[in-house]
């Protein structure tokens, strides 16, 4: 009998010990609520933006909202069942405009990040790995880019590209959307090149690079096989955080009137159009701003999460 | 000490013969240089293990790397398997490097953290495109098993999932797959626990016996070097002070520096009275090394001659060479005509 009684005494601490690490591992693997919401928000937004033409609950941005005999013109509808985010001065659905606006905004943000990441990554990698005169040239280039006020540079570039487009027929495809993408991409090069260069400088001194060289690996192989895989976490993190910044920058450009051609909505343009009407119809101003805010926040949260996730792996090393 | 000279080099076929190796690093843009290695000469016969000991910053690791031509030495000659490495360039150099391999101090840093362990070990074969895919797999599995790593686990794990000792075994496996004739071990056990140290050392000795490996074993731990080496060279501030067979060196150290080093090995017995003489001060700066014997600033037996004349390596016993004017035993060095030393 005594044996049966004492047995649970030993087992109780044993089970708690077994469960404890399981929970912490589960916690580490499972994203936090914020990250989960961020992913959900971005995925839903992307889905709606891509399939906006086919989704029944998204109106065209060109039609005036009319319901039960009333027209939505001059902010006719507030946020509600008829128009979720209300209507603007022309009677167009603000929700629909927000979704269609996401198309341009996400396109510009993602593509500009890819441009910056590719060019900045290659420049930074070359500068950090080969050092010497390559490093000098790249450093001078990035320093120059960083020294110029980014907004001023963006304004000049967009105007300049407008002129060039009128002059040269071979860049006639370069509409405002591409101009802004290109401009923001160029602005993203310098900070990315700097980060990649710094990271490469430290990686090239690691012993596994020396080991690869002693095995007879050529420079190209060392860069692609040994250094690049170790750069990807940093680049991912910076890309996600940078994406938020670029989306906000697109909004800033639109606010200054440098946005895409007239009928196409973007968030920045919506914010700009309705900024003086905030007393009359707060919804036309607040909802696009909220979309911009939430998107930037979501990208930052995910970027932050990614950096911590890769940190844990590094700590495990 | 600061021994220059080549009296200790043996005639005949040496696998590796290093003469007057000099490695200097610039100090920023000041125009000054760090004299990491100042004209040392070594030779290693086939199947022999040479131990290279000395305190931190004396140029042991730099010597090892300069032999691999990573970085290239400023001057001197490195002959490996009868070929002059310092004159090689490009693909010829890459090819020659595969005949000698290096094992590094930090087992974790020497393996790429983002690659699978099996790929890391396979990498040398992939670079040189040796054999068919099946051949490579078989060879890698065999070598991994030989060093005591489960190939199955290696194919699905990254280095951080292994312990330090296991990582060092993986490094050893990687260096073995190309079937090199010389392995340079750069403090391979310094970063490991004592018990794991023993395992790795035993493994190295087994492999050495099985493959007839020739090794240069760099370490700052005399006890570690003693067991594995046939011949030991003691370095101080970029120069060799003493070269001897392992047993001779440990039983009858001739150089005062070696003597102090040996006395500083802790005795794991609380009843033994502490009678060792602690060495005074820090090693001098390798940017402006002392004149004459580089050890004279800290040597218990230093005399006027030591700061004026650089001692040459000379034989004081069978295969026992020392670079000291007044060694612990073996008699005073004959006065040479040149009083300024040969390094000038």
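Protein chains in written order, with our numbering: chain Y, 107 to 423; chain X, 52 to 395. Note that the Cβ used here is the ideal one computed from N, Cα and C, for glycine as well.
When the Cα of residue 320(Y) is compared with those of 82(X), 86(X), 268(X), 175(X), which residue comes out closest?
For the purposes of this step, residue 320(Y) is taken as the residue at position 214 of the first chain. Per the Cα distances, 175(X).
Closest to residue 98(X) by CA distance: which of 238(X), 86(X), 64(X), 87(X) is it?
One-based indexing of the second chain puts residue 98(X) at position 47. Comparing Cα positions, the closest option is 64(X).
Is the Cβ of residue 414(Y) closer than 8 Å to any Cβ of chain X?
Here residue 414(Y) is taken as the residue at index 308 of the first chain, counted from 1. No, residue 414(Y) lies away from the interface with chain X (no Cβ there is under 8 Å from its Cβ).
Does the Cβ-Cβ distance between residue 177(X) and residue 231(X) come in under 8 Å?
By 1-based counting over the second chain, the position of residue 177(X) is 126. By 1-based counting over the second chain, the position of residue 231(X) is 180. No, they are not a contact pair.
By the criterion of Cβ-Cβ separation under 8 Å, what are the contact partners of residue 227(X) in chain Y?
The count along the second chain starts at 1 and reaches residue 227(X) at position 176. Near residue 227(X) there are no residues of chain Y at all, since even the closest Cβ is about 12 Å away, more than 8 Å.
Of the residues that make up the segment 341-363 of chain X, which ones have a beta carbon closer than 9 Å to any beta carbon in chain Y?
none
Give me the Cβ distance between residue 344(Y) and residue 301(Y), rounded to the nearest whole Å; I'm assuming they're in contact under 8 Å.
Indexing the first chain from 1 puts residue 344(Y) at position 238. Indexing the first chain from 1 puts residue 301(Y) at position 195. Right, the Cβ-Cβ distance comes to about 6 Å (below 8 Å), so this counts as a contact.
Euclidean distance between Cα positions of residue 321(X) and residue 274(X):
Taking the second chain and counting its residues from 1, the one referred to as residue 321(X) is at position 270. Taking the second chain and counting its residues from 1, the one referred to as residue 274(X) is at position 223. Approximately 19 Å between the Cα atoms of the pair.
Distance cutoff 8 Å, beta carbons only. Does residue 239(X) sit that close to anything in chain Y?
Position 188 of the second chain, counted from the first residue, corresponds to residue 239(X). No, because no Cβ of chain Y sits closer than 8 Å to the Cβ of residue 239(X).
Which whole-angstrom value is the C-beta distance of residue 374(X) and residue 291(X), which I expect to be below 8 Å?
As a first step, residue 374(X) is located in the second chain; it is residue number 323 there, counting from the start. As a first step, residue 291(X) is located in the second chain; it is residue number 240 there, counting from the start. So it is a contact: roughly 7 Å between Cβ atoms.
In the DSSP assignment, the alpha helix (DSSP H) including residue 376(Y) goes from what residue to what residue?
For the purposes of this step, residue 376(Y) is taken as the residue at position 270 of the first chain. Counting along the chain, the alpha helix (DSSP H) containing residue 376(Y) begins and ends at 373-379.
Counting only beta-carbon atoms, is residue 308(Y) nearer than 8 Å to chain X?
Taking the first residue of the first chain as 1, we reach residue 308(Y) at position 202. Not closer than 8 Å to any Cβ of chain X, the Cβ of residue 308(Y) fails to qualify, so no.
What three-state label does DSSP hand residue 376(X) in the structure shown?
As a position in the second chain, residue 376(X) is number 325, starting the count at 1. Coil at residue 376(X), not helix or strand.
Can you pull the DSSP bridge partners for residue 371(X)?
Looking up residue 371(X) in the second chain gives position 320. 368(X), per the DSSP bridge assignment.
What is the DSSP secondary structure of residue 252(Y), counted as helix, strand or coil?
Working through the first chain from its first residue, we reach residue 252(Y) at position 146. Looking at residue 252(Y) - three-state DSSP - the assignment turns out to be helix.
Just checking, does the segment 288-302 of chain X make contact with the segment 337-351 of chain X on the three C-beta pairs under 8 Å criterion?
yes
Nearest residue (CA-CA) to residue 166(Y), options 326(Y), 369(Y), 145(Y), 141(Y)
Start at 1 with the first residue of the first chain, and residue 166(Y) comes out as number 60. Looking at the Cα atoms, 369(Y) is the closest of the given residues.
Quick check on the DSSP output: what are the complete beta strand (DSSP E) runs of length 3 or more inside the segment 233-284 of chain X, in order along the chain?
233-237, 265-270
Residue 343(Y) lies in the alpha helix (DSSP H); which residues open and close that run?
Locating residue 343(Y) in the first chain gives position 237, counting from the first residue. Looking at the DSSP string, the run of the alpha helix (DSSP H) that includes residue 343(Y) is 334-361.
Quick one: what does DSSP say residue 153(X) is sitting in, helix, strand or coil?
Residue 153(X) sits at position 102 when you count from the first residue of the second chain. Of the three classes helix, strand and coil, the one that applies to residue 153(X) here is strand, per DSSP.
Would you kindly work out how many angstroms separate the C-alpha atoms of residue 50(X) and residue 128(X), rounded to a whole number?
What is shown of chain X runs 52 to 395, which leaves residue 50(X) out entirely.
Can you tell me whether DSSP reads residue 405(Y) as helix, strand or coil?
Counting from 1 along the first chain, the entry for residue 405(Y) is found at position 299. Helix, per DSSP.
Beta-bridge pairing of residue 173(Y) - partner residues as DSSP gives them:
Counted from its first residue, the first chain places residue 173(Y) at position 67. Answer is 176(Y), bridged to residue 173(Y).
Count the other C-beta atoms from every protein chain shown that fall within 10 angstroms of the C-beta of residue 258(Y), then say buried if there are 16 or more, exposed otherwise.
By 1-based counting over the first chain, the position of residue 258(Y) is 152. Residue 258(Y) is exposed by the Cβ-count criterion.
Going by C-alpha distance, which of 328(Y), 247(Y), 376(Y) is nearest residue 205(Y)?
The residue you call residue 205(Y) lines up with position 99 of the first chain. Closest by alpha carbon: 376(Y).
Across which residues does DSSP place residue 86(X) in a beta bridge pair?
Your numbering for residue 86(X) matches position 35 in the second chain. Residue 86(X) is bridged to 75(X).
Pull up the distance between the alpha-carbon of residue 218(Y) and that of residue 168(Y), whole angstroms please.
As a first step, residue 218(Y) must be located in the first chain, where it is residue number 112. As a first step, residue 168(Y) must be located in the first chain, where it is residue number 62. Taking the straight line joining both Cα atoms gives about 28 Å.
Please tell me whether residue 121(X) has its Cβ less than 8 Å away from any Cβ of chain B.
Looking at the structure shown, chain B is missing, and the protein chains on hand are Y and X.
Indicate whether residue 406(Y) and residue 357(Y) have their beta-carbon atoms separated by less than 8 Å.
The count along the first chain starts at 1 and reaches residue 406(Y) at position 300. The count along the first chain starts at 1 and reaches residue 357(Y) at position 251. Cβ atoms of residue 406(Y) and residue 357(Y): not closer than 8 Å.
Residue range of the beta strand (DSSP E) that residue 205(Y) falls in?
Within the first chain, numbered from 1, the residue matching residue 205(Y) stands at position 99. Residue 205(Y) -> not in any beta strand (DSSP E); alpha helix (DSSP H) instead, spanning 200-236.
Does DSSP put residue 346(X) in a helix, a strand or coil?
On the second chain, residue 346(X) is found 295 positions in, with the first residue counted as 1. If DSSP states are grouped into helix, strand and coil, residue 346(X) belongs with coil.
The segment 202-219 of chain X / the segment 111-131 of chain X touching (three or more Cβ pairs under 8 Å)
no
Using a C-beta to C-beta distance shorter than 7 Å, which residues of chain Y count as neighbours of residue 152(X)?
The sequence position of residue 152(X) within the second chain is 101, counting from 1. Residues of chain Y passing the Cβ test: 320.
How about residue 207(X): is its C-beta nearer than 8 Å to some C-beta of chain Y?
Taking the second chain and counting its residues from 1, the one referred to as residue 207(X) is at position 156. It does not; no Cβ of chain Y falls within 8 Å.
Could you tell me which residues DSSP puts in a beta bridge with residue 135(X)?
Position 84 of the second chain holds residue 135(X). According to DSSP, which records beta bridges pairwise, residue 135(X) is partnered with 130(X).
Step through the CB atoms of chain Y and report whether any lies within less than 8 Å of the CB of residue 163(X).
Indexing the second chain from 1 puts residue 163(X) at position 112. It does; some Cβ of chain Y falls within 8 Å.
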